[in-house]
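>
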Amino acid sequence: MLARTHFVFGLLFGVIFLPLLKFGNLFDYFIYFIFIELGVLFPDLDHPKAKVHKKIFVSKIIPLIFSHRGIFHSIFPPIILSGGLFYFLKEFYALPFFVGYFSHLLGDALTIQGIAFFQPFSNFKIHGLLVTGSFTEKIIFYSIIVLILFRIYYLF
Ligand SMILES: [Zn+2]
């Protein structure tokens, strides 16, 4: 799945789970979506060509140690990292990070390559039929944007 599709997929999950938290002001929404997108970005730190590496140079070490769609694409990092965020900050940061991260995993699970949610304990892969960068992905990308707009319309 392309980075931009992950981005909007995360936004969609973000607007779906929005009612779970209480927002005081506009800045709270901003922080919420920042943490959604941090969660969305995190799994692909294991990709040697991820754009993130151009901004945070130290992250370049991650693909040298972990394989792409390896442990970073399992259910354990979002649980551990969100648990840490919950402990040190609060659910306001933990929930969007988890939602964003999980949306990324679901997005990759729709592709032909798929992902193994329970690695390293199980290599059982869940995969769909989506070819990354295909015309179908383009349709999905725009459909997600429409769904986000619908969701926002019905939220307020
Ligand atoms: Zn990925």
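Numbering (the working numbering), first residue to last: -6 to 149. Beta carbons: idealized from backbone N, C-alpha and C, even for Gly. Bear in mind that the values here come from a model prediction, so they are computed numbers and not experimental data.
Buried or exposed: which applies to Tyr25, given that a residue is buried once 16 or more other Cβ atoms fall within 10 Å of its Cβ?
In the sequence shown, counting from the first residue as 1, residue 25 sits at position 32. Under this definition Tyr25 is a buried residue.
> May I have the straight-line CA-CA distance separating Pro89 from Leu13, to the nearest angstrom?
Indexing the sequence shown from 1 puts residue 89 at position 96. Indexing the sequence shown from 1 puts residue 13 at position 20. In a straight line, the C-alpha of Pro89 is about 10 Å away from that of Leu13.
> Counting only runs that start and end within the region 76 to 120, where is the alpha helix (DSSP H) found for 4 or more residues in a row?
Listed in chain order, the complete alpha helix (DSSP H) runs (minimum 4 residues) inside the region 76 to 120 are 84 to 102.
> Provide the residue(s) that pair with Leu57 in DSSP beta bridges, ordered along the chain.
In the sequence shown, counting from the first residue as 1, residue 57 sits at position 64. Looking at the DSSP assignment, Leu57 forms no beta bridge with any residue, so it has no partner.
> Just to confirm, are Asp101 and His66 a CB contact at a threshold of 8 Å?
Mapped onto the sequence shown, residue 101 falls at position 108. Mapped onto the sequence shown, residue 66 falls at position 73. Closer than 8 Å, so yes.
> Taking buried to mean at least 16 other C-beta atoms within 10 Å of its own C-beta, is Tyr94 buried or exposed?
Along the sequence shown, one-based indexing puts residue 94 at 101. Tyr94 is buried by the Cβ-count criterion.
> Is Leu(-5) helix, strand or coil when you go by DSSP?
Here residue -5 corresponds to residue number 2 of the sequence shown, with the count starting at 1. Residue state, collapsed to three classes: coil.
> Given 8 Å as the limit, is there contact between the region 44 to 59 and the region 112 to 122, that is, 3 or more CB pairs closer than that?
Because the criterion of three Cβ pairs below 8 Å is not met, the region 44 to 59 and the region 112 to 122 do not touch.
> Report the option in Met(-6), Ile138, His120, Ser75 whose CA atom is closest to the CA atom of Leu4.
Here the question's residue 4 lines up with position 11 in the sequence shown. Leu4 has its Cα closest to that of Ile138, out of Met(-6), Ile138, His120, Ser75.
> Report the CB separation of Ala(-4) from Lys53 in whole angstroms; it is logged as a contact under 8 Å.
Reading the sequence shown from its first residue, position 3 is the one you call residue -4. Reading the sequence shown from its first residue, position 60 is the one you call residue 53. Actually they do not touch by this definition, with Cβ atoms about 17 Å apart.
> Any idea if Phe28 is buried or exposed, counting beta-carbon neighbours within 10 angstroms, 16 or more meaning buried?
The residue you call residue 28 lines up with position 35 of the sequence shown. Looking at its Cβ environment, which holds 16 or more other Cβ atoms inside 10 Å, Phe28 is buried.
> Is DSSP giving Leu14 helix, strand or coil here?
On the sequence shown, position 21 is the one that residue 14 refers to. Reduced to three states, the DSSP call for Leu14 is coil.
> Indicate whether Leu98 and Pro41 have their beta-carbon atoms separated by less than 8 Å.
For the purposes of this step, residue 98 is taken as the residue at position 105 of the sequence shown. For the purposes of this step, residue 41 is taken as the residue at position 48 of the sequence shown. No, they are not a contact pair.
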